[in-house]
Every structure is written in C-alpha cells, then in structure tokens.
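Written below as structure tokens is the structure these notes are about.
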Ligand code: COA
Ligand code: AMP
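Structure (structure tokens):
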C-alpha cells in the first residue's frame, strides 16, 4: 500500500506500519497494568519477538475484577443458554468474580502453582469459562481441548502439556444424546501414562460420572470449601494458554499465547474490528475448545466489558433454524460471530429466512463470519435475510485474532463478498512466490506476514521453539508462513483461497488429512492411504479416503472400510466427520512416488482434472474416478 493515507482505515494501517511501538503502546492503554512495560517490542532474541517485555498484569483481573471495581458489577458478564439442557443462567461480573476466585482457590488447593499447566476438557458450560479465568487468575497455563476429540487425541495433548491438574465434566450434550466425557478423560490419562493426575469434575444433572476416590474432586464440593484466591502478578511475556491445533502430522501443535500482547490485541480488536463498546452483548457461536471460543467467547468480550453469550446448541434442530434469532432477540445481542457453515445449515432449513421475521432483532447490528472461506452465496444470503452488514474475517489459531478484516470500529469499507477485505492494522501481509518474490496484484501465492507478528500472535510452540521456527519461520526468513494461499486485488483487498498443506476445514473445524492417513495406514490390512478434503455444500469440506490393501488380505473390503471409519472416529473424534472411504488397487503417484492428492481432489470435486506431467501412470485414473463415483463424488449439489 503506498501514497498518503486518506480514510481512517488507511491512517490506522499506516500508523501501525511506520511506528508499531507507538501504535501498540497507545492500544495498551486499554489494559490495566500492575507494572508498565520496559520495551513495547523486545527484538533481542529474534525471531522470538516479545511484546510489552517487563510489563506485569493479570489477564483475569482485566477480564473480571476491574469491571467490578469500575461500575459493571451488576452488568451481566455471561449468559449461558442451553436448549440442549433446557436451562439458562445469567452471571453478573460480580458473580463471575466470586466464581473465578473460588475456582482459583480450588485449583491452588489441588496443588496447582503459577506456571503449571491445566488441561480443560469441558462442554459448553459456564464452568469452562470460569476454569479458564481461574487459571489466568493464579498464573497457571490452561490448555482447553475441544470435547469432540476422542481419548487418544486428548492423551496426546496431556503428554505434551504435562498438566498438574485436569478439569472436566461428566458429559457434554448433543441433540438427542449426552456424550460421556469422564470415561474419555479416564482413558486419555491411562494412554498418557499419568492416571493419577488430579481431576476436578463437574457433575451435570444429565449424567453422573463415577469418581475415582482420592483422585477425582467434585466441582461443587471444591467450590464450596475453597478459599477465594486473588489475582497474582504475571509477566506480560508469561504464557496465558496453550491451544493445540492441527498440523501436517498426527502430532498437534501447541500454540502458545502470552498474557500482555494477547490482552492488548484482543481488547483492541473488540473495538476496532468488531465495533463493540463496553456494555454491548457479543455472541460468538463457536466452542471454547477452538480459538474462536478462546478469543471471542471468553477473552475478547470480557476484556472489553461486554456481555458474552455461551450457547450449548446447534444452529438448526435445537429446536429449529430460528435458534440463532431466538437468542439474538432474547439476549439483545448486538454482534454475532460464527462460521459460514452455520449459516449454510440455517439456509438449508429456512431458505427464505421466514423464521427471522418472528423475532425482534432491533438490537442486532452486525454479523461476522470466519473459520473457513466465506462463500459469496452465504454472505449475500445472510445480508439479505438479516439486513445488517455481514463481515468476513480471516485469521487462524496461531494468529489469535483477525488479520484480514473490515475493521468496523475504524472505518467500514465496501464489502466484496468472498474477500475478508484488507489487512488489519498491525499485520503486514505479503503474497510471495516459490522464490520469495512479491506476487503482482490478482496473482495467487503464499500468504505470509512480515515479522514481528503484532501482539496476540503465537509466541512459540509449547516446549518446541525449534518446531515453531521450522514450521512457520524457515520457509521465508523474516516472515510468518500462514499455510494459506491467496492474493490481493488491485485495490488491496485480500482473497484467501486455499491451503498449501494438507489441512482441511470441516464445518469450521480445522483438521489434518495427514493425521487421518496415519490412522488409516495403521490398520493391519492397509498398505497405503490418501485422504483429501472434498467440497461439501454444508460443511465446506469433508474428508474422503482411498486405501490400497496389503497383498494377501482376505477380510472383505466392506468390513475393512467400516473398521476404518470407526477407527478415525475412535482415535481422532466424531468431529472429523470421516465417513467415506473406498478400497482401490493403487494410488495415482508421480514418478518420484508422491501421491497426487490434488488430482484425486479435483476428480472428487468435478473440477477440470489436474494431472501433472510427472504422473507415473495415468491408466490408474479411471479406477480412481469409479471409486469416487461409488462414494457419490462429484456431488450433484456442489
Ligand atoms: N462432543 C462430542 N461429539 C461432538 C461434539 C462434542 N462436543 N461436537 C460435535 N460432535 C460430533 C457430532 O455429534 C457429529 O457426530 P455424528 O457424526 O455422530 O453426527 C460430529 O461430531 C460432527 O459434528 P458437527 O461438525 O457439529 O456436525 P453436525 O452435522 O452435528 O452439525 C453444523 C453441522 C454445521 C450445524 C455444525 O457443524 C455447526 O454448528 N457449526 C458451526 C460452526 C462452528 O461451531 N465452528 C467452530 C469454529 S468457529
Ligand atoms: P483455525 O486455525 O481453526 O482458525 O483455521 C484457520 C484456517 O481456516 C485458515 O488458515 C484458513 O485456511 C481458514 N480460514 C479461516 N477463516 C477464513 C476466512 N475468512 N477466509 C478463508 N479461509 C479462512
């Protein structure tokens, strides 16, 4: 971007580019510090940049206590709405302070100390939020694991994070059934080889978990006897949490977030990107296990003094496609944030948006969509039925908050459906070719961000500085590799089109096809496997697997496929939605032996066939096509 900045957005962007230290020191005024920082950007250990080095604060204090002290004690901090449990619970900032202080005391009583990790494996209940804040209160590092992950996945995170304690619940709720969490927790601790880790367990009325005497502690009892604990001073550069996300292998990556930079960026994003003011009602319809949940169910809204909504339900079927509008009307929601897939689900059930008209949405100002590419159809449809701006924003677990967005609190730029608009001030985004040269406008390339990342971005991978450098910083020295491919148009609008690795996005959930391939290949009958993400009208993408069997296998193909589906569900989780797999005689490969996943995907999607000249033997393609046909691909509705 060049020339003299004109609009407010251009001015803010230019200010963050030209003097980031001054820009972010100004934004840091939105946070209460116990001790102010010595340096805004500490670049003494490049490429490990640190924000607000020398600063001391407490994130829980900034989310809760300061609002109680400054006139928001009786304002609602959190509204829990669960059509699945048939309950609602409204918690004021004053009540949230009492709950977090008690939970913090309970954790201390369990032996959790500042700097220890705590793994939280919880459904969407207020206690999950309380647990996160309680960790922040005593300087413990939480790692929340999404409830849809199976025990072996939870175990991997336990092995990596080595928690001093676990916090979980007896069950999660899904339409028509409860999911027992406690047996998964027990199994995960066994697999991880740490079966004696102290566990704090919330017993939900829908299902009582059996407790292990001497190890498991009942949430209600622990809260009742806990001595409330105060907020402890924490260095700005100390970790606040670790969140595991899919990489290219089966080993998830532990993204580390600091306290100071995170608090500054998240609070400012609520104002600048999401256009909220303290007192607004903000609803991120996601799950606390995902980064959207961390940033915009918990930390962002609470840092900003908003009321946050915690929803245990689905966009459709709980009870109908009007569920979102019921919540928006009943809780006077000002801003809603969700994934496009939720809107595709609603559109499928209520294409004319008739249910919207049954509710008073007069308080509703804006809809934000992220987590996957916002397809123009969905964005336009949502805008039409709601009559409010629909704002796409691009970011990732690693970045923690939007990197490309229309910054509604700075200046609303014209929307171009399919583009998340322009880089957020603080993000210096470039599109590079294979050799690191800048791509021209409209030319697709690797989307990278010039270092340092602004506050709030990952500081490293948990206990894995080398992995952090190797995964993100080595490909283009001086830049962070996002793993996405995209381009800027001639007006500087960003377009994020695809991944450059094997990560897929299923209903807004980030998953690794490489990880699924590892699970399939571990089956005794399977010689090799390929999994690709194919286009799905509802979920954006779904995984499809092709496997080659070892010679001499006598088990029936149907039985093997059923076992493979069950295996992915048991080892990775139902959330992977792995339901399509087919046996084939051989995989398409290049002469050097690389599996041509792009070719398989293009066939499944019914696109123009992408076959590289280096294919070893193209006579394999008709069989691949037949296998995909038998799985129903390409789909007629894509
Ligand atoms: N615990 C256990 N299992 C879970 C789970 C949890 N917390 N959450 C989901 N699952 C299971 C589901 O029951 C389903 O299992 P099934 O194969 O037996 O039906 C599977 O995981 C896939 O779940 P989901 O992705 O939620 O698909 P769905 O078909 O049930 O619902 C949508 C589809 C679009 C309605 C749903 O994905 C949705 O609401 N998405 C909103 C977007 C979102 O939250 N994104 C998060 C990042 S912003
Ligand atoms: P996650 O880390 O789970 O938030 O997933 C991040 C990935 O989802 C990104 O790297 C993109 O591939 C994709 N993604 C998220 N938001 C968008 C968006 N607005 N447009 C396009 N892709 C997106």
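Residue numbers (full-length UniProt numbering): 1 to 638.
Even for Gly, the Cβ is constructed at its ideal location relative to N, Cα and C.
Using 10 angstroms around the beta-carbon of residue 601, count the other beta-carbons present and answer buried if the total reaches 16, otherwise exposed.
That one is buried.
What would DSSP say about residue 427, mapped onto helix, strand or coil?
Three-state DSSP puts residue 427 in coil, outside helix and strand.
Can you list, in chain order, the residues of its chain whose CB lies under 7 Å from that of residue 396, leaving out five sequence neighbours each side?
In its chain, beyond the 5 residues on either side, 482 have a beta carbon closer than 7 Å to the beta carbon of residue 396.
Beta-carbon contacts of residue 1 that lie in its chain and below 6 Å, excluding the five residues immediately before and after:
Summary for residue 1: the model assigns pLDDT 43, below 50, so the residue's position carries little reliability, and this model does not support an answer.
What number of angstroms, rounded off, separates the C-alpha of residue 514 from the C-alpha of residue 156?
Cα to Cα, the separation comes out at about 16 Å.
Among 443, 631, 427 and 578, whose alpha-carbon lies nearest the alpha-carbon of residue 14?
It is 427.
Is residue 538 buried or exposed, if buried means 16 or more other CB atoms sit within 10 Å of its CB?
Label assigned to residue 538: exposed.
Given a cut-off of 7 Å on the beta-carbon distance, is the pair residue 597 and residue 548 in contact?
Result no, Cβ atoms of residue 597 and residue 548 do not sit closer than 7 Å.
In the DSSP output, which residue or residues are listed as bridge partners for residue 142?
Beta bridge pairing from DSSP links residue 142 with 118 and 241.
Is residue 283 near residue 333, with beta carbons less than 7 Å apart?
Cβ atoms of residue 283 and residue 333: closer than 7 Å.
Check whether the Cβ atoms of residue 83 and residue 119 sit closer than 7 Å, and answer yes or no.
No, these two residues do not count as a Cβ contact at 7 Å.
To which residues does DSSP link residue 582 through a beta bridge?
DSSP, once it has assigned bridges, lists 546 as partnering residue 582.
What does the alpha-carbon distance come out to for the pair residue 195 and residue 168?
Using only the alpha carbons, I get a separation of about 14 Å.
Verify the contact flag: residue 505, CB atom, against every heavy atom of the ligand ZN, threshold strictly below 6 Å.
As presented, the structure is devoid of the ligand ZN, carrying the ligand COA and the ligand AMP as its sole ligands.
Would you grab the beta carbon distance between residue 628 and residue 604 for me? Rounded to a whole angstrom, and I think it's under 8 Å.
Indeed, because the Cβ distance is near 5 Å, the residues count as touching under 8 Å.
Got a sec? Which residues, its chain only, sit under 7 Å from residue 302 by beta carbon, not counting five neighbours each side?
63, 64, 77 and 308, listed in sequence order.
Judging by CA-CA distance, which residue of 211, 92 and 457 is the nearest neighbour of residue 305?
Ranking 211, 92 and 457 by CA distance to the CA of residue 305 puts 92 first.
Indicate whether the contact test is met: 3 or more Cβ pairs, each with one atom in the segment 197-217 and one in the segment 109-118, closer than 8 Å.
Taking a cut-off of 8 Å for Cβ pairs, the segment 197-217 and the segment 109-118 touch, as three or more such pairs fall below it.
Looking only at C-alpha atoms, which of 237, 221, 150 and 151 sits nearest to residue 36?
When each option's Cα is compared against that of residue 36, the closest is 237.
Where residue 522 falls, given that 16 or more other Cβ within 10 Å makes a residue buried:
Residue 522 should be labelled exposed.
Would the beta-carbon of residue 397 be found less than 6 Å away from any heavy atom of the ligand AMP?
True, at least one ligand heavy atom lies under 6 Å from that Cβ.
Host beta strand (DSSP E) of residue 512 (start-end)
Under the DSSP assignment, residue 512 falls in the beta strand (DSSP E) whose first and last residues are 509-512.
Assuming residue 58 contacts residue 234 (C-beta within less than 8 Å), just tell me the rounded distance between them.
For residue 58 against residue 234, the beta-carbon gap comes to about 6 Å, under 8 Å, which counts as contact.
Tell whether a beta-carbon distance below 7 Å holds between residue 197 and residue 166.
The Cβ-Cβ distance between residue 197 and residue 166 falls below 7 Å.
With a CB to CB cut of under 7 Å and the five nearest residues on each side skipped, what residues in its chain are close to residue 631?
Short of 7 Å from the beta carbon of residue 631, and not among the five residues preceding or following it, lie these beta carbons of its own chain, in chain order: 544, 580 and 582.
In or out: residue 182 buried (at least 16 other Cβ within 10 Å) or exposed?
By the 10 Å Cβ count, residue 182 comes out buried.
Of all the beta strand (DSSP E) runs that stay within the bounds of the segment 87-119, which reach a length of 3 or more residues?
Counting only runs of 3 or more, we get 87-92.
Whole runs of the alpha helix (DSSP H) within the UniProt domain "Acetyl-coenzyme A synthetase N-terminal" (9-63), excluding any shorter than 4 residues
Inside the UniProt domain "Acetyl-coenzyme A synthetase N-terminal" (9-63), DSSP marks whole alpha helix (DSSP H) runs of 4 or more residues at positions 20-27, from first to last along the chain.
Classify residue 599 as helix, strand or coil using the three-state DSSP reduction.
Helix.
Alpha carbon of residue 193 to alpha carbon of residue 487, nearest angstrom:
A direct Cα-Cα distance of roughly 46 Å separates residue 193 from residue 487.
First through last residue of the alpha helix (DSSP H) which encompasses residue 445:
Bounds of any alpha helix (DSSP H) do not take in residue 445; it lies within the beta strand (DSSP E) bounded by 445-450.
Is the beta carbon of residue 148 closer than 7 Å to that of residue 574?
Yes, they are a contact pair.
Residues that DSSP places opposite residue 528 in a beta bridge:
DSSP lists 548 as partners of residue 528.
On the three-state DSSP scale, how would you describe residue 405?
In this structure, residue 405 counts as strand in the three-state DSSP scheme.
Any heavy atom of the ligand COA inside 6 Å of the beta-carbon of residue 180?
False, no ligand heavy atom lies under 6 Å from that Cβ.
Inter-stretch contact (C-beta, 8 Å, three-pair minimum) for the segment 385-395 and the segment 404-415:
Contact between the segment 385-395 and the segment 404-415 is present, because at least three Cβ pairs lie under 8 Å.
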